[in-house]
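Here is the structure we will look at, set down as structure tokens.
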């Protein structure tokens, strides 16, 4: 085993070898705030919201992700936001499509008639056979609905930390433009050959993003605006109906000469549900997903992540499932903070709601894994690596592409993930 002194020497040599520092240097940092997806706590009564908010406060939750969709109301949503703020809990509000956003209801959603179960089998909800489209949103109607919500929030003095525009719009379960066509072939169960819908859905989403951004910055100027949290990052089989998230972002950067991505949003949202549980495995799983899209913008919010109770690694020891889940949550956050070239501002654990992902035993009793909110503190520490300022930096930080570029020029004794593990574990 190497001594601490040898570790220092090796890391120092690696740094000198890989990176040439300029006279003016910027220090990279990564502080990821942990939050909790609470879903539709704004869909019931104000009394329901009060009960849940009290639980969240007792659990030590700092930030929550609310979803604004039917049957959420403006009144209860605004009330919940204000009540959360009063407890020192900030809010990420996810805005979902609604039937009132469409001038012609017959074109507002995908429909699989004649008893087809393709959609509900894909998406896992009995009786759920359609989803709203982005290609046919009436922007005036959408703006009117959004403005009424924002006015209601402002009237009670509520503050929103960020708005997320849509949810997993890169796959069919949350984007009705994406066709669900079964083939009957178990090897390739869906026909993914169609591309005629792509232009319409990306343009429709881009316009919705612009409408959202302009209204939100007018009413809540301090709030960030996020793209939808992407599903196709290690969440499901790529053979299922989806749009490449990297391509979706690429197309948003140039629609009729306009970069909708950076002009009308502040950060990129992503979802992760790793099927591995060690820090290194998690980092090696999520790292490439960031790498694929960091070139478009190096600022991320993970609006969903989780470790289900039924992971095989947990079931090998059923009596310790909750201890194992708690450890996995810590390792996920450790993995995020080890990716020094990727800026991840927030990560929201899924979920408060019932199910295999839940951290609640009952509606009022947290499971052991919910201790993560009392145990985890944001890591705010300078990276041991100093990066040159200038045209390689983005928002004062160097992204993973820049680091890979430096490695390609100065040698690659380690992968980026091995190198980050050396740095993040150094001295522990």
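In the working numbering, the protein residues as written are 6 to 433.
We put the beta carbon where it would ideally sit given N, CA and C, even for glycine.
- Message: Within 10 Å of its beta-carbon, does residue 368 have 16 or more other beta-carbons around it, so buried, or fewer, so exposed?
- Response: By 1-based counting over the chain shown, the position of residue 368 is 363. Per the 10 Å Cβ criterion, exposed.
- Task: Report yes if the C-beta distance between residue 183 and residue 86 is below 7 angstroms; otherwise report no.
- Result: Your numbering for residue 183 matches position 178 in the chain shown. Your numbering for residue 86 matches position 81 in the chain shown. No, they are not a contact pair.
- Message: Closer than 8 angstroms is the cut-off here; do at least three beta carbon pairs connect the region 258-274 with the region 310-328?
- Response: no
- Can you grab the Cα-Cα spacing for the pair residue 59 / residue 53, in whole Å? The count along the chain shown starts at 1 and reaches residue 59 at position 54. The count along the chain shown starts at 1 and reaches residue 53 at position 48. Residue 59 and residue 53: Cα-Cα distance of roughly 10 angstroms.
- Query: Tell me, which residues are paired with residue 353 by DSSP?
  - Reply: As a working note, residue 353 is residue 348 in the chain shown. As a beta-bridge residue in DSSP terms, residue 353 pairs with 40.
- Task: Report buried or exposed for residue 346, applying the criterion of at least 16 other Cβ atoms within 10 angstroms of its Cβ.
- Result: Indexing the chain shown from 1 puts residue 346 at position 341. Around the beta carbon of residue 346, 16 or more other beta carbons lie within 10 angstroms, which makes this residue buried.
- Query: To the nearest angstrom, how far is it from the Cα of residue 284 to the Cα of residue 306?
  - Reply: For the purposes of this step, residue 284 is taken as residue 279 along the chain shown, with counting starting at 1. For the purposes of this step, residue 306 is taken as residue 301 along the chain shown, with counting starting at 1. If you take the alpha carbons of residue 284 and residue 306, they lie about 19 angstroms apart.
- Query: Do you know how far the Cα of residue 338 is from the Cα of residue 381?
  - Reply: Here residue 381 corresponds to residue number 376 of the chain shown, with the count starting at 1. Here residue 338 corresponds to residue number 333 of the chain shown, with the count starting at 1. So the alpha carbons of these two residues sit roughly 8 angstroms apart.
- Check residue 144 in the structure and name its three-state DSSP category. Counting from 1 along the chain shown, the entry for residue 144 is found at position 139. Note: residue 144 maps to helix in three-state DSSP.
- Hey, would you say residue 172 sits closer than 7 angstroms to residue 253, going by beta carbons? What you label residue 172 is simply residue 167 of the chain shown in a count that begins at 1. What you label residue 253 is simply residue 248 of the chain shown in a count that begins at 1. For residue 172 and residue 253, no; Cβs fall outside 7 angstroms.
- Chain-order list of residues whose beta-carbon lies under 6 angstroms from that of residue 102 (same chain, five-residue window excluded): Locating residue 102 in the chain shown gives position 97, where the first residue counts as 1. Only residues of its own chain outside the window of five on either side were considered, and among them 137 have a CB closer than 6 angstroms to the CB of residue 102, listed in chain order.
- Query: For residue 100, does the count of other Cβ atoms within 10 angstroms reach 16, so buried, or fall short, so exposed?
  - Reply: By 1-based counting over the chain shown, the position of residue 100 is 95. Classification for residue 100: buried.
- Query: If you compare alpha carbons, which of 62, 113, 112 is closest to residue 88?
  - Reply: Locating residue 88 in the chain shown gives position 83, counting from the first residue. Looking at the Cα atoms, 62 is the closest of the given residues.
- Task: Let me know the secondary structure DSSP gives residue 98 once reduced to three states.
- Result: For the purposes of this step, residue 98 is identified with residue 93 of the chain shown, where counting begins at 1. Reduced to three states, the DSSP call for residue 98 is strand.
- Just checking, does the region 67-82 make contact with the region 34-45 on the three C-beta pairs under 8 angstroms criterion? yes
- Item | Residues near residue 142 by beta carbon distance below 6 angstroms, same chain, minus five either side | Position 137 of the chain shown, counted from the first residue, corresponds to residue 142. For residue 142, where only same-chain residues beyond five positions count, the Cβ hits under 6 angstroms are 106, 209, 213.
- Message: In the DSSP output, what is residue 170 paired with across the bridge?
- Response: For this step, residue 170 is matched to residue 165 along the chain shown. DSSP output for residue 170 lists 100 as bridge partner(s).
- Item | Contacting residues, own chain, Cβ-Cβ under 6 angstroms from residue 334 (five flanking each side not counted) | Here the question's residue 334 lines up with position 329 in the chain shown. Excluding residues within five positions, the ones whose Cβ falls inside 6 angstroms are 377.
- Item | Cα-Cα separation, residue 144 to residue 216 | Start at 1 with the first residue of the chain shown, and residue 144 comes out as number 139. Start at 1 with the first residue of the chain shown, and residue 216 comes out as number 211. Answer to the nearest angstrom: the Cα atoms are 7 angstroms apart.
- Query: When the Cα atoms are used, what is the spatial distance from residue 194 to residue 244?
  - Reply: Taking the first residue of the chain shown as 1, we reach residue 194 at position 189. Taking the first residue of the chain shown as 1, we reach residue 244 at position 239. Roughly 7 angstroms between the two C-alpha positions.
- Message: Between which two residues does the beta strand (DSSP E) holding residue 276 run?
- Response: Within the chain shown, residue 276 is the residue found at index 271, counting from 1. Note, residue 276: beta strand (DSSP E), 273-277.
- Task: Give a yes or no on whether the C-beta atoms belonging to residue 166 and residue 95 are separated by under 7 angstroms.
- Result: Along the chain shown, read from residue 1 onward, the residue named residue 166 stands at position 161. Along the chain shown, read from residue 1 onward, the residue named residue 95 stands at position 90. Contact: yes.
- Quick one: Cα of residue 353 to Cα of residue 289, how far? For the purposes of this step, residue 353 is identified with residue 348 of the chain shown, where counting begins at 1. For the purposes of this step, residue 289 is identified with residue 284 of the chain shown, where counting begins at 1. When rounded, the distance between both Cα atoms is 20 angstroms.
- Query: Residues in its own chain within less than 8 angstroms of residue 336 by CB, not counting five upstream and five downstream?
  - Reply: Locating residue 336 in the chain shown gives position 331, counting from the first residue. The residues are 282, 283, 284, 287.
- Query: Does the beta-carbon of residue 304 have 16 or more other beta-carbons within 10 angstroms, so that it is buried, or is it exposed?
  - Reply: The sequence position of residue 304 within the chain shown is 299, counting from 1. Buried, by the Cβ-count rule.
- Task: For the alpha helix (DSSP H) containing residue 254, list its first residue and its last residue.
- Result: Sequence index remark: in the chain shown, residue 254 carries index 249 (1-based). Its alpha helix (DSSP H) spans residues 250-257.
- Query: What residues in its chain sit with their C-beta under 6 angstroms from that of residue 340, if we drop five residues either side in the sequence?
  - Reply: Counting from one through the chain shown, the residue named residue 340 turns up at place 335. Around residue 340: 284, 287, 288.
- Message: Using the Cβ count rule (16 or more neighbours within 10 Å means buried), how would you classify residue 259?
- Response: As a working note, residue 259 is residue 254 in the chain shown. Flag for residue 259 reads exposed.
- So the alpha helix (DSSP H) residue 56 belongs to, where does it begin and stop? For the purposes of this step, residue 56 is identified with residue 51 of the chain shown, where counting begins at 1. Counting along the chain, residue 56 sits inside the alpha helix (DSSP H) bounded by residues 51-64.
- Item | Same chain, Cβ closer than 7 angstroms to residue 374, five either side skipped, listed in chain order | Taking the chain shown and counting its residues from 1, one reaches residue 374 at position 369. Only 327, 330, 331, 334, 364 meet the Cβ criterion.
- Less than 6 angstroms between the CB of residue 312 and some heavy atom of the ligand MG, yes or no? Here there are no bound small molecules, and the ligand MG is not part of this structure.
- Item | Inter-residue spacing [alpha-carbon to alpha-carbon] between residue 366 and residue 108 | The count along the chain shown starts at 1 and reaches residue 366 at position 361. The count along the chain shown starts at 1 and reaches residue 108 at position 103. Rounded to whole angstroms, residue 366 to residue 108 spans 43 angstroms at the Cα level.
- Query: In whole angstroms, what is the alpha-carbon distance linking residue 155 and residue 229?
  - Reply: If you number the chain shown from 1, residue 155 lands on position 150. If you number the chain shown from 1, residue 229 lands on position 224. Distance between the alpha carbons of residue 155 and residue 229 is about 14 angstroms.
- Task: Using DSSP bridges, identify the partner residues of residue 309.
- Result: As a first step, residue 309 must be located in the chain shown, where it is residue number 304. Answer by DSSP bridge pairing, in chain order: 276.
- Quick one: Cα of residue 152 to Cα of residue 140, how far? For the purposes of this step, residue 152 is taken as residue 147 along the chain shown, with counting starting at 1. For the purposes of this step, residue 140 is taken as residue 135 along the chain shown, with counting starting at 1. Taking the straight line from one Cα to the other gives about 21 angstroms.
- Item | Contained beta strand (DSSP E) runs [length at least 3] in the region 150-216, N- to C-terminal order | 167-170
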